[in-house]
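Chemist: Each number in the working numbering corresponds to the 1-based position in the sequence shown with 84 added.
Before we start, here is the structure in question, set down as structure tokens.
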Amino acid sequence: MNTWVFVEESNGAPAPVGLELLTKARDLGDVTAVFLGGSDEAIAELGRHGAGAVYKMTPPAGALLAAA
85 MNTWVFVEES
95 NGAPAPVGLE
105 LLTKARDLGD
115 VTAVFLGGSD
125 EAIAELGRHG
135 AGAVYKMTPP
145 AGALLAAA
């Protein structure tokens, strides 16, 4: 079974809740992370938390809704 986890970025690093989900999902089987933004170090951190594959998504500027 392959579980996909969407991980958001928070202050230049993967959001803590995303890392927790990756760790828990690893108990179920293979894990793939979809990461919005981030540096190579942030992507490596996803691997350390159980992601076997990471898809880095870079949206066009202004494509996401801003926080209210």
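Note that CB positions come from ideal geometry on N, CA and C, so glycine has one too.
In this text, all values refer to a predicted model and were calculated from it rather than measured experimentally.
Label Val101 either buried or exposed according to how many other C-beta atoms from any shown protein chain fall within 10 Å of its C-beta, with 16 as the threshold for buried.
Modeler: Working through the sequence shown from its first residue, we reach residue 101 at position 17. Exposed, by the Cβ-count rule.
Chemist: Mind checking who Lys140 pairs with in its DSSP beta bridge?
Modeler: Position 56 of the sequence shown holds residue 140. Phe119, per the DSSP bridge assignment.
Chemist: Considering only the alpha carbon of each residue, which of Asn86, Phe90, Leu120 and Gly134 lies closest to Lys108?
Modeler: For the purposes of this step, residue 108 is identified with residue 24 of the sequence shown, where counting begins at 1. Among Asn86, Phe90, Leu120 and Gly134, the Cα nearest to that of Lys108 belongs to Gly134.
Chemist: Who pairs with Pro98 in a beta bridge, going by DSSP?
Modeler: Along the sequence shown, read from residue 1 onward, the residue named residue 98 stands at position 14. Note: Pro98 sits in a beta bridge opposite Glu93.
Chemist: Using the three-state DSSP reduction, which class does Asp114 fall into: helix, strand or coil?
Modeler: Here the question's residue 114 lines up with position 30 in the sequence shown. Asp114: strand per DSSP, three-state reduction.
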